[in-house]
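J.:
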């Protein structure tokens, strides 16, 4: 069973929040007698340290939540233009091990599934930067053994007046605020100028973010407290945090100042060293030095996992300073660099049909898992940059992003991003020639199929067939048309489509897939002999492709007599287990259990489904096999 642990790292410097943190110790208290999850609200102005306090409390209590900890920063998602809680629920469900095939498309349905999956779990949900009650209600787990921690700048009573704990953070007292500054520089420097130090503390108003910025300025220079105070007063502005950011900026090297200004062109807020190298045109070493200097000055945060963040107040300051920079050129460099990395990630997934020339050379990803992790982490940024590329007229880059992200969307099914990326590709493709347009229409049809828009899918695919000039592009369009027709129940037309694709593409695996799909269509028509013949050819072609082999063995087993079927399902389960394809392994085990009364196989299947949070665990426990099979009817692959 998956046990997600998604909390950010603990803050490196932390003072005078012990009393507040103790109020949150209720997180790990027993749930005896409770009927609803605990709700903890931590509120305060931006920069007040509410996330740090809440994260520390959650880290201390995390062992009490035996099924894991989920985390989302809604503020970051809003800055990316993502407001749909359905995507958040999709991520939560996937983190809990629910197979993508089990997750509905509708937000309300996902919320119901999340409540069902969490009904007996002890999990902690941490929601950073919430703004209203609806966000809390949608993301709340259902088990009384669970809990939710929410941070917000809203007043607690606006979010939930009945929360178990409502903690509002104010500024640090002078004594503890001074401890923050003393963590950055020799306390003797503060002692030597008590009046200037007191004035700096007054200017910061106890706001941790402001104190960290001032401390970073003291740490990175020999400037005295009086000199830093003079710099602050010289600005003559009312916005204290902007003034302090200006002071921190003044202490940077020129190369780092330029990086700071050009980060205004980044869609953000999350970025990495490679992004900075692309924006500035600098080497990776120089970009890393700039990022570390920015981090040391507390103008950016993070870095523990290779990703950094620039807060919105700091970003606004960077935008003001960037007025004289060539941000368009910086953005163009970023688009090109991210497309190159996305292409390398795509190449790490394996060979497949591509119409946009992929990146050349050796990429940064060691294997498929590493590439998929990177692409998932950068998914929102990649789609945002793809959108910017479209607005800038970079149509080849737009289609390159659509093609490179295809494996991600097939594995993770991030609905809104998948739709937008596919749609942008279709809109950009006409200027790039008929084969690119045909390929973009073919890829976009898959979204239509998965969402029941079968007429739209068929229309796109018929258009792609009329456009395609390359044999592999044409064969792929025919294959997808066959799959759409099966879903429409037009099995004879589906057979014709797959046989047409088979005759065009001579690749071994491609022909194996066409025979598998043809066999499924013949089976639906009731033509047993032709179905078995097609599936046996597919099996022969899949000897080097174990995942495909396991699936076609199950197709053959469903058409076989009892003795042969038992052997085929057992062989499929073994092959799929070796491949790590747990979802399909459970399918084979469930067939062994329900068709042949193999209680051991049934229990293993139930355990796998339960570990994924799948509703099929309940189906195996009490429903007829026909109901279980109906859940699979739409799932071709």
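In UniProt numbering, the protein residues as written are 1 to 637.
Note that CB positions come from ideal geometry on N, CA and C, so glycine has one too.
This structure is a prediction, so every number in the text was calculated from the model and none was measured.
Give the C-beta separation of residue 445 and residue 480 to the nearest angstrom, bearing in mind that I take them to be a contact with Cβ-Cβ under 8 Å.
T.: Position 445 of the chain shown holds residue 445. Position 480 of the chain shown holds residue 480. With 8 Å as the limit, residue 445 and residue 480 qualify as a contact, their Cβ atoms being about 5 Å apart.
J.: Given a threshold of 16 other Cβ atoms within 10 Å of its Cβ, counted over all protein chains shown, does residue 283 qualify as buried or as exposed?
T.: In the chain shown, the residue the question calls residue 283 occupies position 283. Exposed: under 16 other Cβ atoms inside 10 Å.
J.: So, is residue 679 buried or exposed, given that buried needs 16 or more other C-beta atoms within 10 angstroms?
T.: In the structure as shown, the chain begins at 1 and stops at 637. Residue 679 is therefore absent and cannot be evaluated.
J.: Alpha carbon to alpha carbon, what distance is there between residue 582 and residue 297?
T.: Residue 297 sits at position 297 when you count from the first residue of the chain shown. Residue 582 sits at position 582 when you count from the first residue of the chain shown. Whole-angstrom Cα-Cα distance: 47 Å.
J.: Is the segment 45 to 65 touching the segment 24 to 33 in the sense that three or more CB pairs, one from each, lie closer than 8 Å?
T.: Contact holds: three or more Cβ-Cβ distances are below 8 Å.
J.: Rounded to the nearest angstrom, what separates residue 134 and residue 209 at their Cα positions?
T.: Translated into the one-based positions of the chain shown, residue 134 becomes position 134. Translated into the one-based positions of the chain shown, residue 209 becomes position 209. Approximately 29 Å, taken between the alpha carbons.
J.: Please determine, among 503, 506, 514, 203, the residue with the shortest C-alpha to C-alpha distance to residue 482.
T.: Residue mapping note: residue 482 aligns to position 482 of the chain shown, counting from 1. Of the candidates 503, 506, 514, 203, the one whose C-alpha sits nearest the C-alpha of residue 482 is 514.
J.: Which residues mark the beginning and the end of the beta strand (DSSP E) in which residue 40 is found?
T.: To locate residue 40, count along the chain shown from 1; it is residue 40. Residues 38 to 43.
J.: Would you say the segment 85 to 96 touches the segment 28 to 46, given that touching needs at least three Cβ pairs under 8 Å?
T.: Judged by Cβ distances under 8 Å, the segment 85 to 96 makes no contact with the segment 28 to 46, as fewer than three pairs qualify.
J.: In terms of alpha-carbon separation, which member of 261, 317, 507 lies closest to residue 291?
T.: Looking up residue 291 in the chain shown gives position 291. Taking only the C-alpha atoms, the option nearest residue 291 is 261.
J.: Tell me which same chain residues have a C-beta within less than 8 Å of the C-beta of residue 43, skipping the five on either side of it?
T.: Counting from 1 along the chain shown, the entry for residue 43 is found at position 43. Same-chain partners within the cutoff: 50, 151, 152, 153, 154, 155, 156, 159, 166, 167, 168, 169.
J.: Does the beta carbon of residue 186 sit closer than 8 Å to a beta carbon anywhere in chain E?
T.: Structure shown: chain E not included; a single protein chain is present.
J.: If you draw a straight line from the C-alpha of residue 540 to the C-alpha of residue 512, how long is it?
T.: Taking the chain shown and counting its residues from 1, one reaches residue 540 at position 540. Taking the chain shown and counting its residues from 1, one reaches residue 512 at position 512. So the two alpha carbons sit approximately 8 Å from each other.
J.: Under the three-state reduction of DSSP, which class applies to residue 184: helix, strand or coil?
T.: Here the question's residue 184 lines up with position 184 in the chain shown. Residue 184: coil per DSSP, three-state reduction.
J.: Please report the distance separating the alpha-carbon of residue 443 from that of residue 452.
T.: Here residue 443 corresponds to residue number 443 of the chain shown, with the count starting at 1. Here residue 452 corresponds to residue number 452 of the chain shown, with the count starting at 1. Those two C-alpha atoms are separated by around 15 Å.
J.: Excluding the 5 residues flanking residue 448 on each side, which residues of the same chain have their C-beta closer than 6 Å to its C-beta?
T.: One-based indexing of the chain shown puts residue 448 at position 448. Within the same chain, residue 448 has close Cβ partners 456, 457.
J.: Taking the alpha carbon of residue 380 as the reference point, which residue from 65, 11, 67, 76 has its own alpha carbon closest?
T.: The residue you call residue 380 lines up with position 380 of the chain shown. Minimum Cα distance to residue 380 is reached at 76.
J.: Mapping DSSP to helix, strand and coil, what is residue 124?
T.: Walking along the chain shown from the start, residue 124 turns up at place 124. Strand at residue 124.
J.: Quick one: using the 10 Å Cβ neighbour count with 16 as the cut-off for buried, is residue 143 buried or exposed?
T.: Reading the chain shown from its first residue, position 143 is the one you call residue 143. When all chains shown are included, residue 143 counts as buried.
J.: Assuming the contact rule is C-beta atoms closer than 8 Å, residue 454 and residue 487 should be a hit. Round their C-beta distance to whole Å, please.
T.: As a working mapping, residue 454 is identified with position 454 in the chain shown. As a working mapping, residue 487 is identified with position 487 in the chain shown. That belief holds up - the Cβ atoms of residue 454 and residue 487 are roughly 6 Å apart, short of 8 Å.
J.: Is DSSP giving residue 422 helix, strand or coil here?
T.: The residue you call residue 422 lines up with position 422 of the chain shown. Residue 422: helix per DSSP, three-state reduction.
J.: Using DSSP's beta-bridge definition, name the partner residues of residue 516.
T.: Working through the chain shown from its first residue, we reach residue 516 at position 516. Note: residue 516 sits in no beta bridge, so no partner.
J.: Quick one: using the 10 Å Cβ neighbour count with 16 as the cut-off for buried, is residue 620 buried or exposed?
T.: Taking the chain shown and counting its residues from 1, the one referred to as residue 620 is at position 620. When all chains shown are included, residue 620 counts as buried.
J.: Could you check if residue 431 is buried or exposed, using at least 16 other CB atoms within 10 Å of its CB as the buried criterion?
T.: Indexing the chain shown from 1 puts residue 431 at position 431. Its Cβ having fewer than 16 others within 10 Å, residue 431 is exposed.
J.: From this set, 39, 609, 218, which residue's C-alpha is nearest residue 136's C-alpha?
T.: On the chain shown, position 136 is the one that residue 136 refers to. For the residues 39, 609, 218, the minimum Cα distance to residue 136 belongs to 39.
J.: Under three-state DSSP, which class holds residue 150?
T.: Numbered from its first residue, the chain shown carries residue 150 at position 150. Strand at residue 150.
J.: Answer yes if the segment 330 to 340 comes into contact with the segment 271 to 280, meaning at least three C-beta pairs across the two stretches below 8 Å, and no otherwise.
T.: The segment 271 to 280 is in contact with the segment 330 to 340.
J.: Considering only the alpha carbon of each residue, which of 86, 410, 67, 28 lies closest to residue 61?
T.: Position 61 of the chain shown, counted from the start, is the residue given in the question as residue 61. Among 86, 410, 67, 28, the Cα nearest to that of residue 61 belongs to 28.
J.: In this structure, does DSSP put residue 297 in helix, strand or coil?
T.: Within the chain shown, numbered from 1, the residue matching residue 297 stands at position 297. Three-state DSSP puts residue 297 in coil, outside helix and strand.
J.: Rounding to the nearest angstrom, what Cα-Cα distance links residue 20 and residue 578 in this structure?
T.: As a working mapping, residue 20 is identified with position 20 in the chain shown. As a working mapping, residue 578 is identified with position 578 in the chain shown. Near 50 Å, if we compare the C-alpha coordinates of residue 578 and residue 20.
J.: Is residue 360 buried or exposed, if buried means 16 or more other CB atoms sit within 10 Å of its CB?
T.: Along the chain shown, read from residue 1 onward, the residue named residue 360 stands at position 360. Label assigned to residue 360: exposed.
J.: Pick helix, strand or coil for residue 270, following the three-state DSSP scheme.
T.: Against the chain shown, residue 270 aligns to sequence position 270. Note: residue 270 maps to strand in three-state DSSP.
J.: Any idea which residues DSSP pairs residue 167 with across the strands?
T.: The residue you call residue 167 lines up with position 167 of the chain shown. BP columns for residue 167 point to 42.
J.: Could you tell me how far apart the beta carbons of residue 405 and residue 477 are, in whole angstroms, since I believe they sit closer than 8 Å?
T.: Residue numbering aside, residue 405 sits at position 405 when the chain shown is read from its first letter. Residue numbering aside, residue 477 sits at position 477 when the chain shown is read from its first letter. The pair is not a contact, with the Cβ atoms about 20 Å apart (cut-off 8 Å).
J.: Please give the ranges of any beta strand (DSSP E) in the segment 83 to 142, keeping only runs that are unbroken, at least 3 residues long and fully inside the region.
T.: Here the runs fully enclosed are 124 to 128.
J.: If contacts are defined as beta-carbon pairs under 8 Å, then residue 177 and residue 162 qualify, I think. What distance do you get, rounded to the angstrom?
T.: Your numbering for residue 177 matches position 177 in the chain shown. Your numbering for residue 162 matches position 162 in the chain shown. About 33 Å separates the two Cβ atoms, so there is no contact after all.
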